[in-house]
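Taking it in order: structure first as structure tokens, then the write-up.
Residue numbers (the working numbering): 226 to 510.
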């Protein structure tokens with residue numbers, strides 16, 4: 226009796242466990258199977274046969290459930306679930322799913338130059354020569370070298386000495402060239418000629434320098450005068466010329482009154498005279 230009770234308890238436990246899971250066979254299938262089974266032998270054996278049949282079905286159901294709940298099957302089930310969710314989810318087009326990022330960079334002038342310039346241009350900028358003003362003053366001009374010839378008379382002979390920059394280049398006596406080996410005989414005349422050449426040259430250089438400075442000032446005011454007299458429209462470019470006692474502006478001969486006005490202004494400003502042989506042209510681009 227105790228064995229039957231234990232068997233019945235185990236059967237009840239298995240039935241409770243199997244009730245929570247999906248059975249391999251439905252109740253209808255089991256009933257149909259029992260109907261088709263051969264008639265059991267009456268007595269204790271028939272009852273035991275039914276018990277063992279139910280036990281077998283319960284164990285089979287439990288075994289199926291246990292095997293289906295292994296980690297491998299769980300991962301497969303999760304994969305299947307995620308697959309189903311992925312298939313059901315809406316699909317976004319790449320254009321909508323990609324966000325656009327706009328970056329703005331500010332370069333300093335030095336950085337832009339270091340980047341946009343080729344290597345040769347960078348080297349050229351590093352080796353830039355110092356700036357030199359193209360404007361030259363009169364003081365920057367080289368000294369004026371002139372030839373001076375002086376005449377003397379000695380022992381009824383005519384002596385001529387030509388000096389350039391302190392050097393005697395010609396010495397003649399009665400138009401005959403004296404060799405340098407004989408210059409010692411004319412030492413007093415040579416030294417006197419060199420001294421006079423330096424003095425005269427200094428005066429002329431000073432005069433030329435003064436004229437150059439005065440000429441530059443006159444030339445600077447000339448453009449303004451021409452514009453004020455409406456002889457040119459602006460200072461963008463013109464040609465001004467004194468030629469054979471006439472004045473030409475942009476190739477057009479000017480009236481006598483205009484010529485006299487600009488002639489007088491030139492002579493007062495520079496100290497030089499305008500005469501028949503004067504040819505002076507100023508072109509401003």
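Think of the CB as a built atom: it goes at the ideal place given N, C-alpha and C, for glycine as much as any other residue.
Practice task
Counting only the same chain and skipping the five closest in sequence on each side, list residues whose C-beta sits under 6 Å from that of residue 505.
Solution key: 467
Handout entry: Three-state secondary structure assigned by DSSP to residue 378
Key = strand
Problem - For residue 448, three-class secondary structure by DSSP - result: helix
Problem - Three-pair Cβ contact test at 8 Å for the stretch 412-432 versus the stretch 478-486 - result: no
Handout entry: Own chain partners of residue 450 with C-beta closer than 6 Å, once the 5 adjacent residues on each side are dropped
Key = none
Exercise for the section: Could you tell me which of 427, 437, 406, 393 sits nearest to residue 416, measuring between CA atoms? Expected result: 393
Exercise for the section: Give the range of the alpha helix (DSSP H) segment to which residue 507 is assigned. Expected result: Per DSSP, residue 507 belongs to no alpha helix (DSSP H); it is in the beta strand (DSSP E), 504-509.
Exercise for the section: To the nearest angstrom, report how far apart residue 500 and residue 469 are at their CA atoms. Expected result: 7 Å
Handout entry: Where residue 494 sits in the DSSP three-state scheme
Key = helix
Problem - Residues bridged to residue 485 [DSSP beta-bridge criterion] - result: Answer by DSSP bridge pairing: none, since residue 485 is not bridged.
Practice task
Please classify residue 463: is it buried, with 16 or more other beta-carbons within 10 angstroms of its beta-carbon, or exposed?
Solution key: buried
Exercise for the section: Below 8 Å CB to CB, which residues in the same chain sit around residue 490 once its five sequence neighbours on both sides are set aside? Expected result: 443, 450
Practice task
Could you check which residue in 281, 373, 273, 274 has the C-alpha nearest to that of residue 429?
Solution key: 373
Handout entry: C-alpha distance - residue 234 paired with residue 277, whole-angstrom precision
Key = 13 Å
Exercise for the section: Give me the Cα-Cα distance between residue 472 and residue 387, rounded to the nearest whole angstrom. Expected result: 39 Å
Handout entry: Neighbour-count burial assignment, residue 426, 16 or more Cβ in a 10 Å radius
Key = buried
Handout entry: Host beta strand (DSSP E) of residue 395 (start-end)
Key = 392-398
Practice task
Within 10 angstroms of the Cβ of residue 532, are there 16 or more other Cβ atoms? Answer buried if so, exposed if not.
Solution key: Not covered by the structure: residue 532. The range shown for the chain is 226 to 510.
Practice task
Kindly indicate which residue of 381, 396, 439, 483 has the alpha-carbon position closest to the one of residue 375.
Solution key: 396
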